[in-house]
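A.B. asks: The following block contains the structure, expressed as structure tokens.
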Amino acid sequence: MTKTLCPSFRETKLLKRGFVQLYLGAGFGKSMAVFGLAVRLATYNSSTYIARFWDKEIQQPLSVRKLIPYIDVELFGGTGENEPSGAEHGTDPAHEGITQLAGALQSGTYALVVGDALLDALEAGLVTDEEIKSLLRARPDNVELLLTGETAPVWLIDKADLVTDRRNIDVSEYIDKYRRTA
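The working numbering applies: residue -11 is where the sequence shown begins, and numbers increase by one.
Below is the structure:
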């Protein structure tokens, strides 16, 4: 996954310090906000790593790579609502995803590292508080870490630099129309 960035986001000093962000809420939009931020960073020739946990909204995330070479996406679960992929084969996709996230944080390649739906995996008991804390400790000061999910534990909210709570107010008609056309 080594890339040549010219100039990178960090080299242009647009990012002097990375922050920890949480995008929370039961509604639509968290993952799309992540991709929007990744596209914005790509305009600065900056790379983003996205690990998607237990989230099946985007069926072919690797196609993003064809459109934007600065965004790397890997899936660690998401074939069913209650069972992360790989579990039926005795593998542990959530823990593999944690390992990959830690590697991406330490690689020096990415300005933004995302654990998409990682907080849902935490809520379901697929990963532990300690694993999330180890990611926070592994994050270099100049790398942004963004985690998404419906909820977050209080300790994580307290540690985060920015917490966004997305709420949809009566979008049932929109959702029904969207599902009929998708």
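Glycine included, each C-beta is placed from N, C-alpha and C at the ideal position. None of the values given here were measured: they were computed from a predicted structure.
What do you get for Asp108, buried or exposed, if any count of 16 or more other CB atoms within 10 angstroms of its CB means buried?
C.D. replies: In the sequence shown, counting from the first residue as 1, residue 108 sits at position 120. Buried, by the Cβ-count rule.
A.B. asks: Helix, strand or coil for Gly91, going by three-state DSSP, please let me know.
C.D. replies: Taking the sequence shown and counting its residues from 1, one reaches residue 91 at position 103. Helix at Gly91.
A.B. asks: Grab the span of the alpha helix (DSSP H) containing Leu106 for me, first residue to last.
C.D. replies: Locating residue 106 in the sequence shown gives position 118, counting from the first residue. 106 to 111 is the span of the alpha helix (DSSP H), which, as asked, contains Leu106.
A.B. asks: Which residue comes first and which comes last in the beta strand (DSSP E) that contains Ser35?
C.D. replies: Translated into positions along the sequence shown, residue 35 becomes position 47. Unbroken beta strand (DSSP E) run through Ser35: 35 to 41.
A.B. asks: Does DSSP put Asp117 in a helix, a strand or coil?
C.D. replies: Within the sequence shown, residue 117 is the residue found at index 129, counting from 1. It is helical.
A.B. asks: Put Ala99 into one of helix, strand or coil per three-state DSSP.
C.D. replies: Residue mapping note: residue 99 aligns to position 111 of the sequence shown, counting from 1. Of the three classes helix, strand and coil, the one that applies to Ala99 here is strand, per DSSP.
A.B. asks: Does DSSP classify Val8 as helix, strand or coil?
C.D. replies: Numbered from its first residue, the sequence shown carries residue 8 at position 20. In this structure, Val8 counts as strand in the three-state DSSP scheme.
A.B. asks: For Arg127 and Lys165, I'd like the C-alpha separation in whole angstroms.
C.D. replies: Walking along the sequence shown from the start, residue 127 turns up at place 139. Walking along the sequence shown from the start, residue 165 turns up at place 177. Cα to Cα, the separation comes out at about 41 Å.
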